[in-house]
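Top to bottom, those sequences are chains C and S.
Position 375 of the first sequence, counting from 1, maps to 488 under our numbering, and the rest follow consecutively.
Position 84 of the second sequence, counting from 1, maps to 197 under our numbering, and the rest follow consecutively.
We treat Cβ as the ideally placed atom computed from N, Cα and C, and that holds for glycine.
The next block holds one structure in the form of structure tokens; read it before the comments.
Protein chains: 2
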Amino acid sequence: MSTVTQEVGGKTQRKLLNHDNINPHIRRVQYAVRGELAIRAENLKAAIAKRGRNGFSFDSVVNCNIGNPQQLKQKPITFFRQVASLIDYPDLLIPENQSKVEALYPIDAIERARKLLKQIGAVGAYSHSQGIESIRNDVAEFIKERDGYSTDPALIFLTQGASQGVQNVLQIIISHSNVGVMIPIPQYPLYTATLALYDGKPVPYYLNEEQDWGLDIAELTSSLAKARSEGVEVRALVIINPGNPTGQCLSEHNMKEIIEFCYREGLILLADEVYQANIYYPAQRPFHSFKKVLKSMGPEYDEFELFSFHSISKGLIGECGRRGGYFECTGIDPKVVDELYKIASVNLCPNVHGQVMVDLMVKPPKSGDPSYDLYQNECREIYESLRRRSAKLCKVFNSMEGVTCNSAQGAMYLFPQITLPQKAIEAAELSSHQPDEFYCLAMLDATGVCVVPGSGFGQKDNTWHFRSTFLPQEELFEGFCGLLTKFHNEFMDKYRD
Amino acid sequence: MSTVTQEVGGKTQRKLLNHDNINPHIRRVQYAVRGELAIRAENLKAAIAKRGRNGFSFDSVVNCNIGNPQQLKQKPITFFRQVASLIDYPDLLIPENQSKVEALYPIDAIERARKLLKQIGAVGAYSHSQGIESIRNDVAEFIKERDGYSTDPALIFLTQGASQGVQNVLQIIISHSNVGVMIPIPQYPLYTATLALYDGKPVPYYLNEEQDWGLDIAELTSSLAKARSEGVEVRALVIINPGNPTGQCLSEHNMKEIIEFCYREGLILLADEVYQANIYYPAQRPFHSFKKVLKSMGPEYDEFELFSFHSISKGLIGECGRRGGYFECTGIDPKVVDELYKIASVNLCPNVHGQVMVDLMVKPPKSGDPSYDLYQNECREIYESLRRRSAKLCKVFNSMEGVTCNSAQGAMYLFPQITLPQKAIEAAELSSHQPDEFYCLAMLDATGVCVVPGSGFGQKDNTWHFRSTFLPQEELFEGFCGLLTKFHNEFMDKYRD
């Protein structure tokens, strides 16, 4: 008889399933992006909706905590949504409706929807578990165009966002509880959360804040040596490039060093490249995929094992709600690919609407198509605005007392460091919060701006940061940046040592 | 140094990540619905597409292996798709487009899309990780209407199909590798696959084929006693009602017995109710939800712990490709609900298009709405046709030598038993297949009809079954049923003892 049963027989108050007897790996998972701050921000929003700004020093909550562009009014790409709309309601494509539909949709959207529907069969049906074949072909074509090296569509898995792909790959790598995976610090907490969930060991390496969050091979080497000396079986290295939350974009030279390091040390490389279209200094810091750099290194590296991840949620598209993405296997044992396919089968298939959006992302309107100019303009506008907003917010942070902030070479985030006065650190301790959490909660209450404390991503001991997206609408910047500066001044005055 | 690293240093051929050193739980997962037969069917399809029926005794492959209605040309519900189409392209809802849009969409679809967009904000944004609040409210309303007992929307989780919900709940229950979960045999293989993946122990109980696949409490009792005597910590019981692959629909009396059993034995109940709208003898065997039956049993059962699952993939909607569903927590410890929310957060959110479809499912057009009659007619037609097809196919199976088949009280499947001649069993052994697999492969090659061998679902020793959906289009029935009968006769003649 289990304890649980005895408890029930004894009519104790405890639930059969309670916090003490759930899967302990789940209990250990931490996920700050949606933690206390996010919940408090939601409550504030509800309160403002109910009783107006009465009692608050701001009109609205500004969600800088999640890379969620359309939540902050970024307009979706028109062509993509036109195609999606037509696919949802195939009756629009019958001849009787042609003239009415042409009054609302451009001809290339209609043609594209027709072609996709023919390839897919029915969007309401489960697709191939690995993703629709024609869409995987288009992804392969995109990769070839991007990198100059071809790819086998059979090695591409469409997924429900990059996160699902990362989880599947880490799950297959973690073969026992002593398996380690190297992750950057600071990191996007998906990695620590997934390692906790599947009972693997995070092997942290620190990015170099003083060098624009650059990646030092010496740091990788010493981190690996330390883990190995502790008996951890380190199997893989995760790189987020462009970085989240750090925004760095790796040079080709640095990427070669990383590949050489993995090769030398027998590590599988996981390249999280979901921000590959968010590159703000393309001349100095263009994006290179790890796949491309690897292939450029010649046949010696033919057996190198690499997983590369991409998503529709980021870039200039920001279709987070659709949950679409893919990963590509390079040099992976075919039997391992089969096992990944089996896991995909248990999940039936990635949602077909997300798959369709992947297809549109990798195969947008071409020059000469009726929708090409609009598509180009929309992308350019979003891109230029992101660049401006990134620079603007970075300047605001750097103008604050005790705050330093690297500019974002890529991605959607800034990760400023704050030097907090000792009194603030003590006050934080009294309220049972980390100092950076304490600062961020105070910021939220004073300004309505919701960011994520650095402790959710990891940071060097006794340094404090927060992550802020630069996604709020441009016209809001003056307002909330003013509030931020005022808050910071008052906070520093209040706690000045 | 790990073995893996040494191998690389030594330049052996082995990959760092190979079949022998992946997560062993993944290696152990079996998932027959998409196994050898499904792959062979795909290859046949491709071959026919390429070179016509040349060499085959059939024109096309008939996929009876997956409950995937729209793959087999079931038309989606028009109103649902109209709303989805409008939501995808919000520019349709601006005043300038009103008359053009009204020429293509009914007014209630337009109003519903407008309302949903207002509630959701942006379909391209990550939503609340647990699902959009207004949609959870509508689900709670639906449950209340169905059962007569109210529900807290905070205890409803929207998911990417019921499968994801089942996986999350099993994952949280399996706290160590000696945790057992009672599952029906035959069962939908999601359960054994998920138990393998999270390293739990399946505790099988057999459904009673002679009693229309009924569920005997004596069988539950002896199965539980056996597992406990072997030291397994049995924590939960899974019921699939209506059954998959068995199609049984439980009586209210039987459900009360099951709840009493769980209560007595200290088991959490997982009720997979995805086929609740597929009920073919509503007078004799109506659907009752476990939630409703539980609530009818009075305050003694107030602390009972139940998870109930539902989906948009089945019923008369069949929107499998969208990946939408929900689960409801009844009597679950709030701290456990918080942990489920944390896991949902790591996955960001269920895809918003699937959430929207959940909303449409639980809140379809009402009497008096412009789309009501069409909606009713479409549902009725699909329902009547499913009933007819189910009866037709059951009759065909029962007319075959050595085959007996219970009729489907619910769901989308028949699970006939075949008495195979000894010679067939020996031939199967020679070809390294299970006898039922051998029979199903022969069926596929002879008829193009793809079903799933009973061994993929579990069956009593030395009995052989297969699962077939009755979803092919009605007009195809005469053709493929004729081929099936002819195949079976020839098979029996060939292997007759």
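query: Answer yes or no: does any C-beta atom of chain S fall closer than 8 Å to that of C:L130?; result: yes
query: For S:G274, report the span of its beta strand (DSSP E) as first-last.; result: Careful: S:G274 lies outside any beta strand (DSSP E), inside the alpha helix (DSSP H) at 274-286.
query: For S:E452, tell me which candidate among C:R141, C:L129, C:K128 has the shortest Cα-Cα distance.; result: C:R141
query: Are the stretch 568-583 of chain C and the stretch 291-306 of chain C touching, with three or more C-beta to C-beta distances below 8 Å?; result: yes
query: At which residue ranges does the stretch 276-349 of chain S contain complete alpha helix (DSSP H) runs of 4 or more residues, listed in the order of the chain?; result: 303-310, 330-342
query: Rounded to the nearest angstrom, what separates S:E373 and S:V282 at their Cα positions?; result: 22 Å
query: Is S:R140 close to chain C, meaning its C-beta is less than 8 Å from at least one C-beta of that chain?; result: yes
query: Can you tell me whether S:N176 is helix, strand or coil according to DSSP?; result: strand
query: Are the C-beta atoms of S:V618 and some chain C residue less than 8 Å apart?; result: With chain S covering only 114 through 610, there is no way to say anything about residue 618 of chain S.
query: Starting from the C-beta of C:E370, find all residues in its chain whose C-beta is less than 6 Å away, skip the five residues before and the five after it, and write them out in chain order.; result: I330
query: In whole angstroms, what separates the C-alpha of C:L308 from that of C:I352?; result: 15 Å
query: For a contact defined as C-beta to C-beta under 7 Å, what are the partners of S:I287 on chain C?; result: N136
query: Only counting runs of 4 or more residues, tell me where the alpha helix (DSSP H) segments fall wholly within the stretch 352-380 of chain C, in order along the chain.; result: 365-378
query: Along chain C, which residues have their Cβ under 7 Å away from the Cβ of S:P189?; result: G237
query: Closer than 9 Å between beta carbons: that is the criterion. Which residues of the stretch 404-435 of chain C meet it against chain S?; result: E416, E418, S426, I430, G431, E432, C433, G434, R435
query: How big is the Cα-Cα spacing for C:S545 and C:I135?; result: 25 Å
query: Anything in chain S within Cβ reach of C:N210, meaning under 8 Å, just list it in chain order.; result: L217
query: In angstroms, rounded to a whole number, what distance separates the CA positions of C:Y454 and C:Y239?; result: 15 Å
query: Can you pull out the residues from the stretch 220-246 of chain S whose beta carbon lies closer than 9 Å to at least one beta carbon of chain C?; result: I233, G234, A235, V236, G237, A238, Y239, S240, H241, S242
query: Flag S:L597 as yes if its beta-carbon sits less than 8 Å from any beta-carbon of chain C, otherwise no.; result: no
query: Could you check what DSSP says for S:E386 in three-state terms: helix, strand or coil?; result: coil
query: Could you give the residue range of the alpha helix (DSSP H) that holds C:E149?; result: 149-164
query: Is there a C-beta anywhere in chain C that falls below 8 Å from the one on S:A197?; result: yes
query: Would C:Q184 count as contacting chain S if we go by Cβ distances under 8 Å?; result: yes
query: Which class does C:E220 belong to by DSSP, given the choice of helix, strand or coil?; result: According to the sequence provided, residue 220 of chain C is Ile. The question's Glu does not apply to it. Of the three classes helix, strand and coil, the one that applies to C:I220 here is helix, per DSSP.
query: Counting Cβ pairs closer than 8 Å, one from the stretch 157-173 of chain S and one from the stretch 201-220 of chain C, do we hit at least three?; result: no
query: In chain order, what residues of the same chain lie with their CB nearer than 6 Å to the CB of S:N632, ignoring the 5 residues before and after it?; result: Because residue 632 of chain S is not part of the residues shown, which for chain S are 114 to 610, the question remains open.
query: With DSSP as the reference, label S:F401 as helix, strand or coil.; result: What sits at residue 401 of chain S in the sequence shown is His, not Phe. Here S:H401 sits in coil by DSSP.
query: Are there 16 or more other CB atoms within 10 angstroms of the CB of C:E587, so buried, or fewer, so exposed?; result: exposed
query: Let's test the definition: count the other Cβ atoms within 10 Å of the Cβ of S:T532 and tell me whether it reaches 16, buried, or not, exposed.; result: exposed
query: Looking only at its own chain, which residues have a Cβ that is under 7 Å from the Cβ of C:S173, when we skip the five neighbours before and after it?; result: I161, G561
query: If you measure beta-carbon to beta-carbon, which residues of the stretch 273-284 of chain C are closer than 7 Å to chain S?; result: Q273, G274, S276, Q284
query: Are the stretch 382-400 of chain S and the stretch 540-557 of chain S touching, with three or more C-beta to C-beta distances below 8 Å?; result: no
query: Buried or exposed: S:N490, going by 16 or more other Cβ atoms within 10 Å of its Cβ?; result: exposed
query: Classify C:H401: buried if its beta carbon has 16 or more other beta carbons within 10 angstroms, exposed otherwise.; result: buried
query: Take C:A306 and list the residues in its own chain whose beta-carbon comes closer than 7 Å to its own, dropping the five residues that flank it on each side.; result: V142, Q143, Y144
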